[in-house]
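Novice: I'd like to ask you about the structure that follows.
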Amino acid sequence: MALLARVAAAAAADGEPLVDLGRGNPEVGPPAHVVEALQRSAARPDVHGYAPFAGLPSLKEAIAARYGDVYGVTLDPAREVAVVPGSKTALMEFALVTVERGETILLPDPGYADYPSAVALAGARRASFVSFDTADGAALYLNYPSNPTASCVPDGLFADAVRWADRTGACVLHDFAYGDLVFDGRRPQSFLAVEGAREVGIELFSMSKSYGMAGWRLGFVLGNAEIVARIEELQDHVFAGIFRPVQEAGIAALTGTQDSVEERRATYERRRDRAVAALRNVDAQSEGTFFVWFRLPEQMTAERLLSEHRVAVAPGEGFGERGRGWARISLAVTDDALDEGLARLRAAF
Ligand SMILES: Cc1ncc(COP(=O)(O)O)c(C=O)c1O
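The working numbering puts the last residue of the sequence shown at 1042; the count rises by one with no breaks.
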């Protein structure tokens, strides 16, 4: 993926301008009341020292209340919530606190390209998750709605994961980074809404996608109290807390009007409709997230799309061997860029 970014940058330097549909960063920032909360807080003289290392209790209460309202999950904010500087951090921390060197971590394939880094950091071994009948590992990463496949959780999969983990003693991480971005009338489905989930694992919630706060670095680990405690312990020593105004802005985002969350979701759904209609000649799918995952026609590659058609897409093999022959486009771009990119893809197919 880094290679494609470099090739795209080089290609952008000469010739016809590129359209970049490879990115995965929300194109719109947080609503004004969140930025104002940061400004107000930062203007106070008493916020510039260390914040409480484990995070503000009121921030933990705010995310727990949101979990109750939106996902129907009751959490104890004191024991079942850790505040993290972005959920990516927790992807790494989870592997470090749950898995021994040499043990196996099962990953989705195709899956988010950062998961293998967590495996490597923990000195663990990596295997692709295929089914619970054959799954053999100390930990399992799940991610629904999925980056890159944009699919929502299949019926019963979370319950199967809990049964499997219960039987084998493995730990489960559910990455819920795109949790609120679901289409076609679906309701967001938290792993923690499944009975027994908090006995075997955790869920990660990110402020990056729901609220456009990717650069702010704020997220949560929710669920299993022992894993939450271990992650807090690790964070005490590694990060020594998160800047208080960022946490206070997080409270404003979680407790204020949620209109912007729905606006974002609806915008991506509308763009998804346009993209799937434009890509009707290929197998294109998206039930949520801000991506569309599609099968590349025979002989077509991401490199050819870039060099011959001047449109950057994320090649499927960057997400795992089973992604080969597929590609991902992002809907987190302007409408104009999306339309131009889709026109170029249509011309290529
Ligand atoms: C599947 C997935 N998980 C986690 C993250 C990281 O999110 P955060 O900004 O909370 O670290 C991303 C960001 O692109 C993602 O796509």
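Beta carbons are placed, not taken as given, at the ideal position from N, Cα and C, and that holds for glycine. Quick caveat, the model's predicted, so the values are computed rather than measured.
Can we count Tyr805 as close to ligand 1, meaning its CB is less than 7 Å from some heavy atom?
Specialist: Here residue 805 is taken as the residue at index 112 of the sequence shown, counted from 1. Flag set: Cβ of Tyr805 near ligand 1.
Novice: I want to know whether the region 843-850 touches the region 738-757 - three or more CB-CB distances under 8 Å.
Specialist: Cβ pair count under 8 Å is below three, so no.
Novice: Taking the alpha-carbon positions, what's the Ile777 to Val865 distance?
Specialist: Translated into the one-based positions of the sequence shown, residue 777 becomes position 84. Translated into the one-based positions of the sequence shown, residue 865 becomes position 172. The sequence as given places Val at residue 777; Ile does not occur at that position. When rounded, the distance between both Cα atoms is 18 Å.
Novice: Is Lys753 close to ligand 1? I mean its beta-carbon at under 7 Å from any heavy atom of the ligand.
Specialist: Taking the sequence shown and counting its residues from 1, the one referred to as residue 753 is at position 60. It does not: the Cβ of Lys753 is nowhere closer than 7 Å to a heavy atom of ligand 1.
Novice: To the nearest angstrom, report how far apart Ala886 and Gly981 are at their CA atoms.
Specialist: Your numbering for residue 886 matches position 193 in the sequence shown. Your numbering for residue 981 matches position 288 in the sequence shown. C-alpha separation (whole angstroms): 19 Å.
Novice: Taking the straight line between their C-alpha atoms, what separation do you get for Ala946 and Pro990?
Specialist: Position 253 of the sequence shown, counting from 1, holds the residue named residue 946. Position 297 of the sequence shown, counting from 1, holds the residue named residue 990. Going by the C-alpha atoms only, they are around 42 Å apart.
Novice: Roughly how far, in whole angstroms, is the beta-carbon of Arg891 from the beta-carbon of Val790, given that I think they are within contact range, below 8 Å?
Specialist: Taking the first residue of the sequence shown as position 1, residue 891 is located at position 198. Taking the first residue of the sequence shown as position 1, residue 790 is located at position 97. That belief does not hold up - the Cβ atoms of Arg891 and Val790 are roughly 16 Å apart, past 8 Å.
Novice: Write down the C-beta distance between Glu925 and Ala747 rounded to the nearest angstrom, noting that I regard them as a contact closer than 8 Å.
Specialist: Walking along the sequence shown from the start, residue 925 turns up at place 232. Walking along the sequence shown from the start, residue 747 turns up at place 54. Going by Cβ atoms, the distance from Glu925 to Ala747 rounds to 5 Å, so yes, they are a contact pair.
Novice: Can you find a heavy atom of ligand 1 that lies under 7 Å from the Cβ of Gly795?
Specialist: Position 102 of the sequence shown, counted from the first residue, corresponds to residue 795. It does not: the Cβ of Gly795 is nowhere closer than 7 Å to a heavy atom of ligand 1.
Novice: On the three-pair Cβ rule with 8 Å, is the region 1023-1030 touching the region 716-736?
Specialist: Short answer: they touch.
Novice: Could you say which of Gly943, Thr948, Arg910 lies nearest to Phe932 if we only look at CA atoms?
Specialist: Position 239 of the sequence shown, counted from the start, is the residue given in the question as residue 932. Here the closest residue by C-alpha is Arg910.
Novice: Have a look at Arg1037 and His1002 and give me their C-alpha separation to the nearest angstrom.
Specialist: Within the sequence shown, the letter at position 344 stands for residue 1037. Within the sequence shown, the letter at position 309 stands for residue 1002. Those two C-alpha atoms are separated by around 6 Å.
Novice: Grab the span of the alpha helix (DSSP H) containing Arg1081 for me, first residue to last.
Specialist: Since the first residue of the chain shown is 694 and the last is 1042, residue 1081 is not available in this structure.
Novice: Is any heavy atom in ligand 1 found nearer than 7 Å to the beta carbon of Asp868?
Specialist: For the purposes of this step, residue 868 is taken as the residue at position 175 of the sequence shown. Under cutoff, so the answer is yes.
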